[in-house]
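J.: In the working numbering, the protein residues as written are 30 to 476.
From the three backbone atoms N, C-alpha and C, an ideal C-beta is built for every residue, glycine too.
Let me begin by handing over the structure; questions about it come next.
Here is the structure:
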């Protein structure tokens, strides 16, 4: 192997750390420099192979190596590196849960970030397909699909096998992929005024006032998710307001490598979110990927931006926030209904926030309730599982979760990521339905 001599420094006993993303440097987009770094990273991964079970990127890499003339990375054609890149959906699990060589190790291995760099280079040089542009334009698609007459047509077409075959042929969206409904009656239209005010208690980490970043998905696809979250927060005497106006958090564009689009989303979202923080509000988003964008991805792109860092310190996963309220003695536990046994899928983009299993901990407060976590990737990643060439792979990745749920025969199965939950439901292939943990908590409260 061409890697440095193996060794550990004192710093390796420290927690993993992420370096800022040098996406504005010209060298970041140099394809030859990228290939040099990819070869270095792939050589280390080939000698380790601990991440083989996480996603399809690593089996693809190892198959390429094993099929090469040298059976080493130097025998793999550089253009075949893209086959590895296309299967990485930046879940970060390899970095956070498997890899022993992440910084501060001297090998400085950050697989997700070199994949992101590769996606950015490819996007700059080749752009994106029509399908990928549409799938990542969540705001525009949601607004168009939510038009009263259009929404009925879109939802009907998405349920028709013959039309889905046509869509697969034209756009490359797999005919069997489960796609979400769209709603004309969005969350913003349902809740135009959230004016209930409750004063925050002094001396607490949480302020008791929440600005809700509802996300594209929460507004257009599952507005009931926002309704359930608002009901739980208000039941706990927390003032809730909707952020005045928002764009997509930028995660779909990040996964596409379109970093300029991520920059535009940041310019639209960060100033107004920072203004809510200045006004004394905490921020919550109901989708883990959106929280992760503001907690990690955008701060790593803009490490010197004070507003970005301000938002990073004030945004919470819903159950992270509720558990903080519980520790402060402010969470109500007046539950009226037990939930029985819950098979709980821990979403990847929540796991890598390093907040612990807060969803499990909150739901476990409900009497006569057992929560069994399943810490595996569902394989959906927002758009990966709906693409024609990846759908069957995504279903294979989800199969261990589906098998666990079937073995448990729980009263409920749920995921913090609503898209992952529906993907698991698709794999169940029965009459069962996924439920979001916040929906279960509302049910337990009886509100």
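Does the beta-carbon of residue 473 have 16 or more other beta-carbons within 10 angstroms, so that it is buried, or is it exposed?
T.: buried
J.: When burial is assigned at 16 or more other CB atoms within 10 Å of the CB, is residue 354 buried or exposed?
T.: buried
J.: Helix, strand or coil for residue 240? Go by DSSP, reduced to three states.
T.: Residue state, collapsed to three classes: strand.
J.: Between which residues of its own chain and residue 24 is the CB-CB distance below 8 Å, once the five residues before and five after are set aside?
T.: What is shown of the chain runs 30 to 476, which leaves residue 24 out entirely.
J.: For residue 403, name the three-state secondary structure that DSSP assigns.
T.: strand
J.: Looking at the secondary structure, which residues open and close the alpha helix (DSSP H) in which residue 450 lies?
T.: 447-457
J.: Return the residue from the list 212, 176, 343 and 235 that minimises the CA-CA distance to residue 356.
T.: 235
J.: So is residue 477 buried or exposed if we call it buried at 16+ other beta carbons inside 10 Å?
T.: Lying outside 30 to 476, the shown extent of the chain, residue 477 is not represented and no answer is given.
J.: Nearest to residue 368 by alpha carbon, out of 158, 441 and 347?
T.: Checked all of 158, 441 and 347; the closest Cα to residue 368 is 441.
J.: Going straight from the alpha carbon of residue 80 to that of residue 122, what length do you get?
T.: 9 Å
J.: Considering only residues of the segment 145-217, which uninterrupted alpha helix (DSSP H) runs meet the minimum length of 4 residues and lie entirely inside it, listed in chain order?
T.: 159-165, 167-174, 177-187 and 190-200
J.: Residues in its own chain within less than 7 Å of residue 52 by CB, not counting five upstream and five downstream?
T.: 149, 288 and 330
J.: So, under 8 Å CB-CB, residue 252 and residue 212 are touching, yes? Tell me the CB distance rounded to an integer number of Å.
T.: 5 Å
J.: Helix, strand or coil for residue 313 per DSSP?
T.: strand
J.: Take the Cβ of residue 218 as the centre, count every other Cβ of all protein chains shown within 10 Å, and call the residue buried at 16 or more, exposed below.
T.: exposed
J.: Rounded to a whole number of angstroms, what is the C-alpha to C-alpha distance between residue 226 and residue 411?
T.: Caution is warranted here: a pLDDT of 41 is assigned to residue 226, below 50, making its placement in the model unreliable, and the coordinate value is therefore given only provisionally. The alpha-carbon atoms of residue 226 and residue 411 are separated by roughly 35 Å.
J.: State the Cα-Cα distance for the pair residue 323 and residue 342, rounded to the nearest angstrom.
T.: Their backbone Cα atoms lie some 9 Å apart in a straight line.
J.: Alpha carbon to alpha carbon, how far is residue 476 from residue 468? Give it in angstroms, no decimals.
T.: Each residue's alpha carbon lies about 10 Å from the other.
J.: What does a CB cutoff of less than 7 Å around residue 545 pick up in its chain, not counting 5 residues either side in sequence?
T.: Lying outside 30 to 476, the shown extent of the chain, residue 545 is not represented and no answer is given.
J.: In terms of alpha-carbon separation, which member of 460, 448 and 463 lies closest to residue 244?
T.: 448
J.: Once DSSP output is grouped into helix, strand and coil, what is the label at residue 306?
T.: helix
J.: Can you tell which of 282, 396, 286 and 387 has the C-alpha that lies nearest to the C-alpha of residue 370?
T.: Residue 370 has its Cα closest to that of 396, out of 282, 396, 286 and 387.
J.: Residue 415: which of 110, 191 and 201 sits nearest, CA to CA?
T.: 201
J.: Who are the Cβ neighbours of residue 175 in its own chain at under 7 Å, not counting the five residues just before and after it?
T.: 211, 212, 213, 215 and 249
J.: What separation, rounded to the nearest whole angstrom, lies between the Cα atoms of residue 428 and residue 422?
T.: The straight-line gap from Cα to Cα measures roughly 10 Å.
J.: Output the distance between the C-alpha atoms of residue 233 and residue 300, rounded to the nearest integer angstrom.
T.: 25 Å
J.: Short of 6 Å in beta carbon distance, which residues of its chain neighbour residue 303, apart from the five on each side in sequence? Order them along the chain.
T.: 336, 339 and 340
J.: Between the alpha carbons of residue 273 and residue 184, how many angstroms are there, rounded?
T.: Rounded to the nearest angstrom, the two C-alpha atoms are 28 Å apart.
J.: Mapping DSSP to helix, strand and coil, what is residue 268?
T.: Strand, per DSSP.
J.: Kindly indicate the opening and closing residues of the alpha helix (DSSP H) around residue 408.
T.: Element bounds for residue 408: n/a, residue is neither H nor E.
J.: Report, in whole angstroms, the separation of the C-beta atoms of residue 157 and residue 63, which I expect to be a contact under 8 Å.
T.: Contact flag wrong, Cβ pair sits at about 18 Å.
J.: My output table needs one value for residue 227: the three-state DSSP class, helix, strand or coil.
T.: Confidence is the limiting factor: at residue 227 the pLDDT is only 41, short of 50, which leaves the residue's position unreliable, though a coordinate-based value still follows. Residue state, collapsed to three classes: coil.
J.: Alpha carbon to alpha carbon, how far is residue 282 from residue 118?
T.: Cα-Cα distance, rounded: 11 Å.
J.: Where residue 455 and residue 198 are concerned, what is the direct C-alpha to C-alpha distance, given to the nearest angstrom?
T.: 22 Å
J.: Going by the DSSP bridge assignment, what does residue 327 pair with across the sheet?
T.: As computed with DSSP, residue 327 is found in no beta bridge at all.
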